[in-house]
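Quick note on UniProt numbering: the sequence shown kicks off at 1 and runs consecutively. A virtual CB, placed ideally from N, CA and C, is assigned to each residue, including glycine.
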Amino acid sequence: MAKGFITSIERFKPHTFQAEQGEGLFMSHSHEYDELTLILGGGGYYSSYEQNIKVSAGDLILIPSGLHHGFVCTEPWTGLSVHFLYAKVPAFCQYLFLSAYQKPHRLWSAHLDEGDSQWAEMSLIRLEREWHSEERGDYSYDLMRIAFETVLLLFHRNATVTPDTEAHGDKRIVQEVLKEIHRNYNTPITIHDIATRHYLSESILRKKFSEAVGVSPKQYVINLRIEEAKRLLSQTSKAIEFISSEVGFTSSSRFYEQFVKSVGVTPLEWRKQNQQSAKPLTSAPPPNSPR
């Protein structure tokens, strides 16, 4: 089993910067991966071009890739950071990111209460253990997916998000439909059922969705299933027929037909071309590295 969507997991130990360092107080940088950091103890600040966020124990910080940001520790802190590739995260996690990144190029944070913070920490520890394990199997992929999804749900539930004043009417409906599709894409979901739940005709839903997203709801479901199948093909050794069923196709022949139409090669050919190495994508820093 490959390392999947995680590029590295880093623990950081108590550390403070001296005030006399002046402008060097904030460790400013950017990176090609996304980052999700849980502060376990202590406190400090995270900054971007337009933001300066105070953080403390129980805070989750979500940092988009490419965002130039900095941090400073004002009270000796400990924490755990997960670095990952958005393009490779599982389907429902992608929806959670779409909801969190309502505005590009900014930091997002959520404060978890004690119970949720412990839950997030346990999930990240499980994720870390599976990611470092030398005896990985297909269940490891599923365990990492569930652990990561749990942390994102906790983030999503507790995030401080500025209400989008345009999130009414058609936009709200499309967002709800996207949420439903990402949550249920691997079930026998139908556009008729979705439209009925939102008190719309299929034709009206198709029109609203296509105008907002660029493709029809049906095509969006197919695209999502194909993308998730590609992730499973490259990140696991699961049988192709099993993957076909897991992502929601009712028959292997239908899966092969749609996969070749979308990708240009068969699932097996794509797997041979894209199967990831079992080695880490990047070397993980040693435990308790300074931050």
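{"Check": "Taking the DSSP output, what are the residues bridged to His69?", "Outcome": "His29"}
{"Check": "Beta strand (DSSP E) containing Asp34: first to last residue?", "Outcome": "Asp34 to Ser47"}
{"Check": "Just to confirm the assignment, what range does the beta strand (DSSP E) spanning Asp59 have?", "Outcome": "Asp59 to Ile63"}
{"Check": "Does DSSP put Lys272 in a helix, a strand or coil?", "Outcome": "helix"}
{"Check": "Thinking Thr78 and Ile61 are a contact (beta carbons under 8 Å), I'd like their distance in whole angstroms, please.", "Outcome": "Not a contact, Cβ separation roughly 14 Å."}
{"Check": "Whole angstroms are fine: how far does the CA of Ser253 sit from the CA of Ser8?", "Outcome": "37 Å"}
{"Check": "What does the Cβ neighbour count give for Arg197, buried or exposed, with the cut at 16 atoms within 10 Å?", "Outcome": "exposed"}
{"Check": "Please name the residue in Glu134, Asp138 and Leu152 whose C-alpha comes closest to that of Trp119.", "Outcome": "Leu152"}
{"Check": "Do you know offhand how far Leu96's Cα is from Glu149's?", "Outcome": "9 Å"}
{"Check": "Please state if the CB of Arg106 and the CB of Glu50 are separated by a distance shorter than 8 Å.", "Outcome": "yes"}
{"Check": "Can you check which of these residues, Ser210, Phe5 and Tyr46, is closest to Ala110 by C-alpha distance?", "Outcome": "Tyr46"}
{"Check": "Quick one: what's Trp108 bridged to in DSSP?", "Outcome": "Leu62"}
{"Check": "Rounded to the nearest angstrom, what separates Glu10 and Ala195 at their Cα positions?", "Outcome": "44 Å"}
{"Check": "Using the beta-carbon count (16 or more within 10 Å), is His68 buried or exposed?", "Outcome": "exposed"}
{"Check": "Need the endpoints of the beta strand (DSSP E) that Ser8 sits in, please.", "Outcome": "Ile6 to Lys13"}
{"Check": "With distances taken Cα to Cα, identify the nearest neighbour of Arg129 among Asp116, Lys13, Arg145 and Gly115.", "Outcome": "Arg145"}
{"Check": "Just curious, the beta strand (DSSP E) that Lys88 is in, first and last residue?", "Outcome": "Looking at the DSSP string, Lys88 is not in any beta strand (DSSP E), and its letter there is neither H nor E."}
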